[in-house]
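Numbering (the numbering used here), first residue to last: 5 to 235.
Where a beta carbon is used, it is the ideal one built from N, C-alpha and C, also for glycine.
Note sheet for the following structure.
Printed below as a string of structure tokens:
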């Protein structure tokens, strides 16, 4: 929209132009008559469109004359939620413990002879945890949120992979995971090498509350369901 300063400039230029080109047509007339004639012509021919714009701008200003900014009230102040801190140092310490060779590189010999399994090796419950946890774990009370398959891993590779897996699961606040260690059917002498070691390593991780051998449809003796500590 045209401003008043723009209108003034247009009016002045048009007036000067009209005065220069019409001396003969206005000869014999008084100065006052000349001024009135030129002004009228300028208004009609030159200033008309700009004047219309100015009028629109004025109408707009009048339309919004009574508009007022709404007061800031009835607005809820939402608190900033801080993320739950993750005990990174604790997790790192437990990861180092799991990776250390002194914690379970060798399975208990009498417990892992061919075909020999003890109930306490098939399950584990940390002290202070109710015994009903095992039955809930076996029945699928907690959904499996992630799993690790250790088929084809050497002992060292399996240990490192398990440490990384548990560290990641804990940082993601998973409650239940499955670790597939296999039954040892493809191992020399058909011995379940990783089976015993993995289960022993799990007992060394502080955030493992319990584990139970998976049901047949979830791996049976070749896997364990692991319950992790909640956040």
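As assigned by DSSP and simplified to three states, the class of residue i
{"i": "residue 2", "result": "Because residue 2 is not part of the residues shown, which for the chain are 5 to 235, the question remains open."}
{"i": "residue 230", "result": "strand"}
{"i": "residue 213", "result": "strand"}
{"i": "residue 68", "result": "coil"}
{"i": "residue 207", "result": "helix"}
{"i": "residue 127", "result": "strand"}
{"i": "residue 2", "result": "Given that the chain is displayed from residue 5 to residue 235, the structure contains no residue 2 and the question cannot be resolved."}
{"i": "residue 175", "result": "helix"}
{"i": "residue 143", "result": "helix"}
{"i": "residue 159", "result": "helix"}
{"i": "residue 200", "result": "helix"}
{"i": "residue 106", "result": "With a pLDDT of only 40 at residue 106, under the threshold of 50, the placement of this residue in the model should not be trusted; the figure read from the coordinates follows. Reduced to three states, the DSSP call for residue 106 is coil."}
Rounded separation between residue i and residue j - CA only
{"i": "residue 214", "j": "residue 199", "result": "16 Å"}
{"i": "residue 79", "j": "residue 205", "result": "54 Å"}
{"i": "residue 228", "j": "residue 185", "result": "8 Å"}
{"i": "residue 149", "j": "residue 159", "result": "25 Å"}
{"i": "residue 71", "j": "residue 65", "result": "10 Å"}
{"i": "residue 177", "j": "residue 83", "result": "24 Å"}
{"i": "residue 75", "j": "residue 81", "result": "15 Å"}
{"i": "residue 169", "j": "residue 73", "result": "56 Å"}
{"i": "residue 220", "j": "residue 152", "result": "17 Å"}
Own chain residues within Cβ distance below 7 Å of residue i, not counting five before or after
{"i": "residue 47", "result": "Confidence at residue 47 is low in this model, with a pLDDT of 49, below 50, so its placement is unreliable and no value can be given for it."}
Buried versus exposed, by CB contacts within 10 Å (16 or more), residue i
{"i": "residue 114", "result": "Per-residue confidence for residue 114 stands at a pLDDT of 36, beneath the threshold of 50, marking its modelled position as unreliable; the derived number appears in the next sentence. Flag for residue 114 reads exposed."}
{"i": "residue 201", "result": "buried"}
{"i": "residue 224", "result": "exposed"}
{"i": "residue 77", "result": "exposed"}
Per DSSP, cross-strand counterpart(s) of residue i
{"i": "residue 182", "result": "151, 229"}
Cβ shell of residue i (< 8 Å), same chain only, five flanking positions each side left out
{"i": "residue 140", "result": "146"}
{"i": "residue 179", "result": "146, 149, 231, 232, 234"}
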